[in-house]
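Trainee:
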Amino acid sequence: MNGIGVVAALAGRLAGCAVACGRPGRPERSLARDEAVSRLGAVAGARGWGLDVLRDVAGPDADLLFPGGSAELVEAWFDLGDRIMIDAARGLDEPRLGRRVRAVILLRLGVIAPDRDAVRRALGVLLAPGHAGLLARVMGRTVDAIWEAAGDHATGVTRQTKRMSLGTIYGQVLLFWLARGDDSEAVADFLDRRLAGVVRLGRAKQALLARLRPGRAQAA
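Note that the sequence shown covers residues 0 to 219 in numbering that gives the first Met the number 0.
#1: Find out if the Cβ-Cβ distance for the pair A144, R99 is shorter than 8 Å.
#2: DSSP state of W48, grouped into three classes?
#3: Considering Cα atoms alone, identify which of A70, A75 and L50 is closest to L63.
#4: Assuming Q171 and R193 are in contact, meaning their beta carbons sit under 8 Å apart, how far apart are those beta carbons, in whole angstroms?
#5: Find out if the Cβ-Cβ distance for the pair P26, D78 is shorter than 8 Å.
#6: Assuming the contact rule is C-beta atoms closer than 8 Å, R107 and M84 should be a hit. Round their C-beta distance to whole Å, please.
#7: Return the chain-ordered list of same chain residues with a C-beta closer than 7 Å to the C-beta of A203, the five sequence neighbours on each side being excluded.
#8: R25 lies in the alpha helix (DSSP H); which residues open and close that run?
#9: What does the alpha-carbon distance come out to for the pair P151 and K161?
#10: Check each candidate in V118, G132, G196 and D55 and name the one with the smallest Cα separation from L277.
#11: Among A135, A153 and G196, which residue has its Cα nearest to the Cα of V73?
#12: Identify whether P113 lies in helix, strand or coil by the three-state DSSP scheme.
#13: Going by beta carbon distance, what residues of the same chain come within less than 6 Å of W176, once the five residues before and after it are set aside?
#14: Would DSSP call L64 helix, strand or coil?
#15: How many Å lie between D86 and V156 at the Cα?
#16: With a 10 Å radius around its C-beta and 16 neighbouring C-beta atoms as the bar for buried, classify E184 as buried or exposed.
#17: Within 10 angstroms of the Cβ of S225, are there 16 or more other Cβ atoms? Answer buried if so, exposed if not.
#18: What is the rounded straight-line gap between the Cα of A61 and the Cα of G196?
#19: Please state the DSSP three-state secondary structure of E93.
#20: Check for me: the alpha helix (DSSP H) holding A70 runs from which residue to which?
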């Protein structure tokens with residue numbers, strides 16, 4: 000498989016995991032855990048997500064906060080990033096949902112921008128054999144956080160459809176950002192193309208429904 004194929008496969012896996020577990024519960028949260036994973040995240044790009052590194056940067060007993068080891072550390076770090084993103088999005092003043100979603104995704108990437116290598120190594124933990132459930136929770140939680148921050152409260156089938164679309168977009172954009180994150184304009188343009196593709200698909204669906212079931216397209 001060539002490089003493009005690998006990226007496509009990873010994006011597909013990330014998107015699938017974003018919708019695989021329904022609405023994931025939240026991990027344990029505390030100020031002590033937040034401070035510990037924040038310190039570790041700052042050095043994880045160079046030193047990894049091991050408990051030995053955690054003890055070195057957050058204190059000799061910090062590992063007791065994370066009995067699940069590296070996997071729990073990574074999950075807690077991504078959850079902290081989601082919460083930081085939600086707080087940062089509270090001041091968004093944009094009436095259009097699509098533009099709010101765009102802004103929130105860029106905010107989420109901005110949260111982790113100083114720690115791109117840490118994200119890369121964290122994904123290595125999430126994509127390891129046996130961690131499919133963990134990957135599903137982390138991705139699903141981020142997608143839900145993006146929708147929450149954007150102010151969308153859809154339910155039922157509509158929510159799941161939107162969640163699947165956003166999971167696909169976010170997975171693709173995250174991988175593009177890992178490769179080209181130093182070029183913020185290129186990342187924003189890539190995101191815009193992904194969002195535009197979803198809009199075109201939605202319009203095509205509405206047009207098809209209008210032809211097949213005149214007068215009922217609005218109900219879809």
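We put the CB at the ideal spot given by N, CA and C, even for glycine. Predicted model, so just to flag it, every value in this text is computed and none were measured.
Mentor: Here's the rundown:
#1: Contact: no.
#2: The three-state reading of DSSP puts W48 in coil, since its state is none of H, G, I, E or B.
#3: Ranking A70, A75 and L50 by Cα distance to L63 puts L50 first.
#4: Right, the Cβ-Cβ distance comes to about 6 Å (below 8 Å), so this counts as a contact.
#5: Judged by beta-carbon spacing, D78 lies within the 8 Å limit of P26, meaning their Cβ atoms are closer than that value.
#6: Confirmed, Cβ separation roughly 5 Å.
#7: Note that A203 has pLDDT 47, beneath the 50 cutoff, so the model's placement of it is unreliable and the number below is only indicative. Closer than 7 Å at the Cβ level, and outside the excluded window around A203, lies no residue.
#8: Segment: none, R25 is in no alpha helix (DSSP H) and carries neither H nor E.
#9: Note that residue 151 is Asp in the sequence shown, not Pro. Roughly 10 Å between the two C-alpha positions.
#10: Because the chain in this structure spans residues 0 to 219, residue 277 falls outside the shown range and cannot be described.
#11: Of the listed residues, the one whose Cα sits closest to V73 is A135.
#12: If DSSP states are grouped into helix, strand and coil, P113 belongs with the helices.
#13: The residues are L108 and V186.
#14: The answer is helix: DSSP assigns L64 an H, G or I state.
#15: Take the alpha-carbon of D86 and the one of V156: they are about 28 Å apart.
#16: Label assigned to E184: exposed.
#17: With the chain covering only 0 through 219, there is no way to say anything about residue 225.
#18: Their Cα atoms are separated by approximately 45 Å.
#19: Per DSSP, reduced to three states, the secondary structure at E93 is coil, with no helix or strand assignment.
#20: Unbroken alpha helix (DSSP H) run through A70: S69 to A87.
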